[in-house]
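Chains as they are written, first to last, in this note's numbering: chain A, 1219 to 1332; chain B, 16 to 129. This report concerns only the one structure given below.
See the structure below:
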């Protein structure tokens, strides 16, 4: 029973264009969502988060949108750069600010082509 | 901030042997987590500690697995009688409970059971 789903295993985008990565969740108790980026042979690194009291959070080129009614969130990267090529994981928790262990999706591999 | 440190980075062992991994969290972080990641999957929660107390264990954590954090600082994860299905990346992460900071991951220990 996968509570956090990333249905696109991979995505290719041209440099300078927008990358949109999607994530769906099934547990309505989730109230804190995060995106992590992972390069090969490294641990995941935190990218951006959003609380369920918001529907958008922005940090530089990265914006996360949350649609609670649809149980869906997305990560927008604009403009995409070759260094953004990595695996992106969506994660969620209950209790705000990650108080319960994070539940991760399977990840989406983003390739940004120069 | 020296980051989360894990040792060893790689471990190859024969089926049936015992292995132990170590994790040194960020020094002021009182929560420490162990996750496991297999190919094509996101990190899966195994267990976590607040200071020296083990607060939660996943049903993924069989009796062959044991984790400790004796002084509330570093942690060890031991797998007894390893099986080929234990081959995975074992990730450690830490955070400061009560603050909105996200999980910080180490670079993991890759275990191969032959």
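The C-beta atom is built at its ideal place from N, Cα and C for all residues, glycine as well.
Are there 16 or more other CB atoms within 10 angstroms of the CB of residue i, so buried, or fewer, so exposed?
i	result
residue 32 of chain B	exposed
residue 1247 of chain A	exposed
residue 1255 of chain A	buried
residue 79 of chain B	exposed
residue 1302 of chain A	buried
residue 124 of chain B	buried
residue 75 of chain B	exposed
residue 1249 of chain A	buried
residue 1268 of chain A	buried
Relative to the C-alpha of residue i, which candidate in the options has its C-alpha closest?
i	options	result
residue 94 of chain B	B:45, B:115 and B:36	B:36
residue 104 of chain B	B:45, B:122 and B:82	B:122
residue 1306 of chain A	A:1319, A:1321, A:1328 and A:1271	A:1328
residue 128 of chain B	B:97, B:38, B:118 and B:71	B:97
residue 65 of chain B	B:77, B:47 and B:57	B:47
residue 1322 of chain A	A:1262, A:1228 and A:1257	A:1262
residue 118 of chain B	A:1266, A:1242, A:1304 and A:1258	A:1266
residue 1272 of chain A	A:1283, A:1318, A:1331 and A:1219	A:1283
residue 43 of chain B	B:63, B:17, B:56 and B:30	B:17
residue 1270 of chain A	A:1331, A:1291, A:1330 and A:1320	A:1291
Please report the Cβ distance between residue i and residue j, rounded to the nearest whole angstrom; I am assuming they are in contact, meaning their Cβ atoms lie under 8 angstroms.
i	j	result
residue 69 of chain B	residue 59 of chain B	About 17 angstroms separates the two Cβ atoms, so there is no contact after all.
residue 61 of chain B	residue 73 of chain B	5 angstroms
residue 1286 of chain A	residue 1244 of chain A	No, residue 1286 of chain A and residue 1244 of chain A are not in contact; Cβ-Cβ is about 13 angstroms, not under 8 angstroms.
residue 1324 of chain A	residue 1224 of chain A	6 angstroms
residue 120 of chain B	residue 111 of chain B	Not really, about 15 angstroms apart at Cβ, beyond 8 angstroms.
residue 19 of chain B	residue 28 of chain B	Their Cβ separation, rounded to whole angstroms, is 23 angstroms, which puts residue 19 of chain B and residue 28 of chain B out of contact at 8 angstroms.
residue 1252 of chain A	residue 1293 of chain A	Actually they are not in contact, since the Cβ atoms of residue 1252 of chain A and residue 1293 of chain A sit about 10 angstroms apart, beyond 8 angstroms.
residue 1318 of chain A	residue 1229 of chain A	Contact flag wrong, Cβ pair sits at about 29 angstroms.
List the residues that DSSP assigns as beta-bridge partners of residue i.
i	result
residue 1264 of chain A	A:1254
residue 17 of chain B	According to DSSP, residue 17 of chain B bridges with nothing at all.
residue 140 of chain B	Residue 140 of chain B falls outside the range modelled here, since chain B spans only 16 to 129, and no answer is possible.
residue 1276 of chain A	A:1281
residue 104 of chain B	B:52 and B:125
residue 86 of chain B	According to DSSP, which records beta bridges pairwise, residue 86 of chain B is partnered with nothing at all.
residue 1326 of chain A	A:1306
residue 1248 of chain A	Paired residues: none, contrary to the question.
residue 1240 of chain A	A:1292
residue 34 of chain B	B:94
residue 1231 of chain A	A:1330
residue 1222 of chain A	A:1243
residue 39 of chain B	B:20
residue 1311 of chain A	A:1250
Contact between the segment 1294-1310 of chain A and the segment 1226-1240 of chain A (3+ Cβ pairs under 8 angstroms):
yes
Is the segment 1308-1317 of chain A touching the segment 17-24 of chain B, taking contact as three or more C-beta pairs under 8 angstroms?
no
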